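Have a look at the structure below before the remarks.
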Amino acid sequence: MPTPLYVIPDIHGQREALDAALATVEADGGADATIVFLGDLVDRGPDSRGVIDRLIAGQAAGHDWTVLRGNHDQIFLDFLDAAHAGAEGPGPAWLGENMGGVATLASYGVAASQLSPNWQAVRSAVPQSHRRFLATLPLYHETPELVFVHAGIRPGIALSDQSPDDLLWIREPFLSDGRDHGRLVVHGHTALPYPRHHGNRVNLDGGAGWGRPLRPAVFVGRECWLLTGTGREPLVPGSRRAPR
C-alpha cells in the first residue's frame, strides 16, 4: 500500500489553526508523517510570523514537510525584495482588507501608522531568515499519482512548462476544465465553504483565511480523506457536505 501523504491547505496567518491541524495529522499518521503545505501561509490571519516560524522550525527539526509557495507568499516576498518598481512599497491591493497584508505586517510588530513612507524600516522588521525561507519555496510538488500546487495548472500544458503566474494565480480555465490531467491535481487558492473532490482535481481550501476551519487531508494513492476530530472522512468525486 502507498505511504499516506498528508496535506494542509491555505493557512493565511492562522497559527492556532495550523497547530491544531498538525496535531490532527500526528494523531492519524504519527510524528513523522509526510506533509505537503499548499501555500498562502500569510495574510488575513493574526499571526503570519508565527506560521512561518512554525514551518521553519519543523523543517529544521527534520520533519518531512514540503511547503509550497502561494500567491500571497509571493506578494510578501516581492515586497521584501522591493520588486514593485517605482514606489518601493507594496501594491495598494495587498494593504487592502481583502488581501490582508496589514495583518501580516502587524504580526511583525509594524502598526498601520508605520507603514509609509519609510518602507525600508518596515522591511527591516521581517527577519532575513523569513525572506530566505519564502524565496526557496517551490511552486509545485509531484508524486507518480498526484500533483500538488497552490492555484492549479493551465490545462494541456506539461507541468515543467507551466507559467509561475498560473501555478500561483490561475482560476480559469483550470476550474471549469473537466479533462483528465493525467495525475490528480491537489490545490487550494479558490476558497470554498468546504473542500471538494472534482474528479480530476481536489480543492482543499475550505476558507481558513476567512475564519473557517483549516482541514487537513490524507491521500493514499489517489484516494482522499479529510481528517476530523472523529477520524477520516472520505472525500470522493461529487460529494457535497454542508460546512460544520
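55 is the number of the first residue of the sequence shown in the working numbering; add one for each residue after it. Cβ atoms here follow ideal geometry from the backbone N, Cα and C, with glycine treated the same way. Note that the structure is a prediction, hence the values are computed from the model and not measured.
Original post:
In this structure, what does DSSP give as the bridge partners for LEU281?
Top reply: What you label residue 281 is simply residue 227 of the sequence shown in a count that begins at 1. Looking at the DSSP assignment, LEU281 forms a beta bridge with ARG286.
**OP:** For TYR248, write down the residues that DSSP places opposite it in a beta bridge.
**Re:** Taking the sequence shown and counting its residues from 1, the one referred to as residue 248 is at position 194. Answer by DSSP bridge pairing: none, since TYR248 is not bridged.
Original post:
Buried or exposed: where does SER161 fall if 16 or more other Cβ atoms within 10 Å of its Cβ makes it buried?
Top reply: Counting from one through the sequence shown, the residue named residue 161 turns up at place 107. It counts as buried.
Subject >> CB of PRO249 within 8 Å of CB of LEU200, strictly >> reply: Counting from 1 along the sequence shown, the entry for residue 249 is found at position 195. Counting from 1 along the sequence shown, the entry for residue 200 is found at position 146. The answer is no: Cβ separation not under 8 Å.
Original post:
Roughly how many angstroms separate the alpha carbons of HIS195 and VAL256, rounded to a whole number?
Top reply: The sequence position of residue 195 within the sequence shown is 141, counting from 1. The sequence position of residue 256 within the sequence shown is 202, counting from 1. Distance between the alpha carbons of HIS195 and VAL256 is about 15 Å.
Subject >> Enclosing alpha helix (DSSP H) for VAL96 [first to last residue] >> reply: The residue you call residue 96 lines up with position 42 of the sequence shown. First-last for VAL96: undefined, no H or E at that position.
Subject >> Simplified DSSP assignment, three categories, for HIS184 >> reply: For the purposes of this step, residue 184 is identified with residue 130 of the sequence shown, where counting begins at 1. If DSSP states are grouped into helix, strand and coil, HIS184 belongs with the helices.
Original post:
Where does the unbroken alpha helix (DSSP H) through ARG69 begin, and where does it stop?
Top reply: If you number the sequence shown from 1, residue 69 lands on position 15. Run containing ARG69: 69 to 83, per the alpha helix (DSSP H) assignment.
**OP:** Quick one: residues in its chain with C-beta nearer than 6 Å to the C-beta of TRP148, no 5 flanking neighbours on either side, listed in chain order?
**Re:** The sequence position of residue 148 within the sequence shown is 94, counting from 1. Hits under 6 Å: ILE129, GLY155.
Original post:
Which residues in the same chain as ASP73 place their Cβ atom closer than 6 Å to its Cβ, once the five residues preceding and following it in sequence are excluded?
Top reply: As a first step, residue 73 must be located in the sequence shown, where it is residue number 19. Closer than 6 Å at the Cβ level, and outside the excluded window around ASP73, lies no residue.
Original post:
Name the DSSP beta bridge partners of ILE62, please?
Top reply: By 1-based counting over the sequence shown, the position of residue 62 is 8. DSSP, once it has assigned bridges, lists PHE91 as partnering ILE62.
**OP:** Could you say if the segment 83 to 90 and the segment 113 to 124 meet the contact criterion of at least three C-beta pairs nearer than 8 Å?
**Re:** yes
Original post:
What are the partner residues of PRO209, as DSSP defines its beta bridges?
Top reply: Taking the sequence shown and counting its residues from 1, one reaches residue 209 at position 155. Beta-bridge pairing links PRO209 to no other residue.
Original post:
Going by the CB atoms, is the gap between GLY261 and ALA245 shorter than 8 Å?
Top reply: Walking along the sequence shown from the start, residue 245 turns up at place 191. Walking along the sequence shown from the start, residue 261 turns up at place 207. Closer than 8 Å, so yes.
Subject >> Assigned secondary structure, THR190 (DSSP; H/G/I helix, E/B strand, else coil) >> reply: In the sequence shown, the residue the question calls residue 190 occupies position 136. Correct three-state label for THR190: coil.
**OP:** Give the DSSP-derived three-state secondary structure of HIS117 in the structure shown.
**Re:** Working through the sequence shown from its first residue, we reach residue 117 at position 63. DSSP places HIS117 in coil when its eight states are reduced to three.
Original post:
Using a Cβ-Cβ cut-off of 6 Å (strictly less than) and excluding sequence neighbours within five positions of GLY275, which residues of its own chain qualify?
Top reply: Counting from 1 along the sequence shown, the entry for residue 275 is found at position 221. Excluding positions up to five away in sequence, the list reads PRO56, GLU199.
Subject >> Beta-bridge partners of GLU196, as assigned by DSSP >> reply: As a working note, residue 196 is residue 142 in the sequence shown. For GLU196, which the question treats as bridged, DSSP gives the partners VAL201.
**OP:** Let me know the secondary structure DSSP gives HIS241 once reduced to three states.
**Re:** Here residue 241 refers to the residue found at position 187 of the sequence shown. HIS241 falls in the strand class under three-state DSSP.
Subject >> Cβ neighbours of PRO63 in the same chain (closer than 6 Å, five flanking residues each side left out) >> reply: Within the sequence shown, the letter at position 9 stands for residue 63. Correct list, in chain order: LEU92, GLY242, LEU258, ASP259.
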